[in-house]
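Residue numbers (UniProt numbering): 1 to 431. Here the structure is laid out as structure tokens; the discussion comes afterwards.
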Ligand code: UGA
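This is the structure we're talking about:
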């Protein structure tokens, strides 16, 4: 069986390589020639741990190949996974342009039965709409099935998440398609949850929105903890021991970012309005997230005296560790805020690069951690890369002018840092 992956971003490349590793033949299709050319040579166009090794392995084995030609790709495949982006439109709704283009290519070029599985995060009813777009583009009435198969992998741990998912959601009305999906995934040890397409679409949005709500809840709690001198990390740990609550996604910080939570919550709010319902809790989730970093910048500025004319080091600019993705990263808002109030900023990140148009005589990025900290008055840790947790802080301290450490992810050992002579402050953390 040949599998076609339409869209070669994080989800597409990871899904393609997972199926290749499971023994299937895979074609990756993307209209961007530069992307497919570089993937064909075993070069990833983004940073994701472990993915480059697997890509090179299967370029060599010949079981995965990449093309920009939809005609050949559609004809040669039996199963098609849609992994194209669904960015936010101006009004917050999901822009389905790429989904529609992909559906039309499928309809136009298919010559035999296809199973089309939608991995992209799409609004309720899109799977149904897809049937129509494909049918409209067909010249002959060739049968096909559409399945909603949302993806739950995270950037930074994409391979592990894709090989070991908590569940595989299959939203479909056709028994033949459900059986085929189960065959594709049979080597993955995870429960199947078979449901209606609309329900599957909703499960994806509802899961992301729930996780973001959990984070905003703990983030807002951290503000109270800051004022009452209680340690939010201990509160979260104690709460998480209740299995109904769980430890995950309870880490207070400067806010969530990335290409999914912000976009999906907006899309969900839009859908709620569209269908005459209210999801007012999500308005609050967004509001807490948007003000979390500025709330703590104010707290930290009071500790330092002022940020004006100070040299500030930013450690970690990606929206989370183990990725070079800067989309909706709180670090960018923090940097802009610091520059606005007259600070000089030097940033460090093991993988992400600041776009050159942001750089100026008051904002630079350097490669070595020591150089980042040189003569700085304070550092702000924005994403919790292992390198920072494992750093030799005794040695690094010597580079700094003043020893203020503002830990935006609560990952450094505050007691230890204080003993070393740092003025350590986290997010709602007290000792
Ligand atoms: C998220 C979901 O976790 C995935 O299940 C989903 O597949 C993906 O979106 C998607 O829809 O494609 P991702 O955005 O890659 O994955 O990363 P997460 O690990 O969820 O982190 C999102 C943000 O939340 C990051 O900025 C992270 O720093 C923040 N976060 C996470 C916290 O602030 N606290 C936590 O306890 C956990």
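For glycine and all other residues, C-beta sits at the position ideal for the given N, C-alpha and C. Note that the structure is a prediction, hence the values are computed from the model and not measured.
Exposure label - residue i; buried when at least 16 CB within 10 Å
{"i": "residue 325", "result": "buried"}
{"i": "residue 248", "result": "exposed"}
{"i": "residue 33", "result": "exposed"}
{"i": "residue 227", "result": "exposed"}
{"i": "residue 394", "result": "exposed"}
{"i": "residue 241", "result": "exposed"}
{"i": "residue 413", "result": "exposed"}
{"i": "residue 312", "result": "buried"}
{"i": "residue 8", "result": "buried"}
{"i": "residue 181", "result": "buried"}
{"i": "residue 283", "result": "exposed"}
{"i": "residue 275", "result": "exposed"}
{"i": "residue 421", "result": "exposed"}
{"i": "residue 61", "result": "exposed"}
{"i": "residue 318", "result": "buried"}
{"i": "residue 179", "result": "exposed"}
{"i": "residue 384", "result": "buried"}
Sequence-distant residues of the same chain with beta carbon closer than 6 angstroms to residue i, five excluded per side
{"i": "residue 243", "result": "none"}
{"i": "residue 205", "result": "264, 268"}
{"i": "residue 389", "result": "411"}
{"i": "residue 365", "result": "347, 354"}
{"i": "residue 308", "result": "341, 342"}
{"i": "residue 255", "result": "289, 292, 293, 330"}
{"i": "residue 304", "result": "378, 404"}
{"i": "residue 49", "result": "322"}
{"i": "residue 193", "result": "167, 169"}
Own chain residues within Cβ distance below 7 angstroms of residue i, not counting five before or after
{"i": "residue 271", "result": "123, 124"}
{"i": "residue 399", "result": "370, 373, 374"}
{"i": "residue 105", "result": "70, 74"}
{"i": "residue 363", "result": "335, 339, 345"}
{"i": "residue 112", "result": "142"}
{"i": "residue 174", "result": "145"}
{"i": "residue 100", "result": "133"}
{"i": "residue 158", "result": "10, 14, 48, 51"}
{"i": "residue 76", "result": "2, 27"}
Same chain, Cβ closer than 8 angstroms to residue i, neighbours up to 5 away in sequence not counted
{"i": "residue 190", "result": "164, 165, 166, 167, 168"}
{"i": "residue 415", "result": "431"}
{"i": "residue 40", "result": "59, 65, 66"}
{"i": "residue 397", "result": "403, 420, 421, 422"}
Spatial distance of residue i from residue j (CA atoms)
{"i": "residue 430", "j": "residue 25", "result": "54 angstroms"}
{"i": "residue 185", "j": "residue 89", "result": "33 angstroms"}
{"i": "residue 177", "j": "residue 38", "result": "33 angstroms"}
{"i": "residue 10", "j": "residue 17", "result": "11 angstroms"}
{"i": "residue 137", "j": "residue 130", "result": "11 angstroms"}
{"i": "residue 15", "j": "residue 82", "result": "10 angstroms"}
{"i": "residue 322", "j": "residue 156", "result": "5 angstroms"}
{"i": "residue 239", "j": "residue 5", "result": "41 angstroms"}
{"i": "residue 28", "j": "residue 367", "result": "34 angstroms"}
{"i": "residue 260", "j": "residue 161", "result": "16 angstroms"}
{"i": "residue 36", "j": "residue 183", "result": "28 angstroms"}
{"i": "residue 426", "j": "residue 212", "result": "20 angstroms"}
{"i": "residue 314", "j": "residue 382", "result": "7 angstroms"}
{"i": "residue 210", "j": "residue 230", "result": "25 angstroms"}
{"i": "residue 86", "j": "residue 126", "result": "11 angstroms"}
{"i": "residue 78", "j": "residue 107", "result": "13 angstroms"}
{"i": "residue 316", "j": "residue 409", "result": "10 angstroms"}
{"i": "residue 218", "j": "residue 208", "result": "16 angstroms"}
{"i": "residue 3", "j": "residue 350", "result": "34 angstroms"}
{"i": "residue 232", "j": "residue 262", "result": "24 angstroms"}
{"i": "residue 214", "j": "residue 200", "result": "21 angstroms"}
{"i": "residue 195", "j": "residue 392", "result": "51 angstroms"}
{"i": "residue 80", "j": "residue 1", "result": "11 angstroms"}
{"i": "residue 306", "j": "residue 246", "result": "38 angstroms"}
{"i": "residue 154", "j": "residue 277", "result": "29 angstroms"}
Residue i beta carbon near the ligand PLP (any heavy atom closer than 7 angstroms)
{"i": "residue 215", "result": "Among the ligands in the structure shown, the ligand PLP does not appear; only the ligand UGA can be found there."}
Counting only runs that start and end within the region 306-361, where is the beta strand (DSSP E) found for 3 or more residues in a row?
-> You should have 311-315, 344-348.
Is the region 13-27 in contact with the region 294-311, if contact means three or more CB pairs nearer than 8 angstroms?
-> Between the region 13-27 and the region 294-311 there are fewer than three inter-stretch CB-CB distances shorter than 8 angstroms, so the stretches are not counted as touching.
Does the region 320-339 touch the region 394-406, meaning 3 or more C-beta pairs lie closer than 8 angstroms?
-> Too few Cβ pairs lie closer than 8 angstroms, so no.
Check whether the region 114-131 touches the region 89-96, counting contact only when three or more Cβ pairs, one atom from each stretch, lie closer than 8 angstroms.
-> Contact between the region 114-131 and the region 89-96 is present, because at least three Cβ pairs lie under 8 angstroms.
Within the region 175-218, ranges of the alpha helix (DSSP H) (whole runs, at least 4 residues) | Counting whole runs of 4 or more residues, the region 175-218 contains the alpha helix (DSSP H) stretches 175-184.
Are three or more beta carbon pairs between the region 102-119 and the region 145-156 nearer than 8 angstroms?
-> A contact is defined here as three or more CB-CB pairs under 8 angstroms, and the region 102-119 meets this definition with respect to the region 145-156.
Taking 8 angstroms as the threshold, find out whether the region 217-228 comes into contact with the region 278-295 through three or more Cβ pairs.
-> Using a Cβ-Cβ distance cut-off of 8 angstroms, the region 217-228 and the region 278-295 are in contact, since at least three pairs of beta carbons, one from each stretch, lie closer than that value.
Entirely within the region 80-135 and at least 4 residues each: give me those alpha helix (DSSP H) ranges in chain order.
-> Entirely contained in the region 80-135, the alpha helix (DSSP H) runs reaching 4 residues are, in chain order, 97-109.
Using 8 angstroms as the Cβ pair cut-off and three pairs as the minimum, do the region 355-363 and the region 375-382 touch?
-> Taking 8 angstroms as the limit for Cβ pairs, the verdict is that the region 375-382 does not touch the region 355-363.
Within the region 33-79, note down every full alpha helix (DSSP H) run reaching 4 residues or more, in order along the chain.
-> DSSP runs (the alpha helix (DSSP H)) wholly in the region 33-79: 33-40, 51-61, 70-75.
At which residue ranges does the region 374-420 contain complete alpha helix (DSSP H) runs of 4 or more residues, listed in the order of the chain?
-> Taken in chain order, the unbroken stretches of alpha helix (DSSP H) that lie wholly in the region 374-420 and span 4 residues or more are 386-389, 393-397, 414-419.
Which runs of the beta strand (DSSP E) spanning at least 3 residues fall entirely within the region 144-178, listed in chain order?
-> Listed in chain order, they are 144-148, 168-171.
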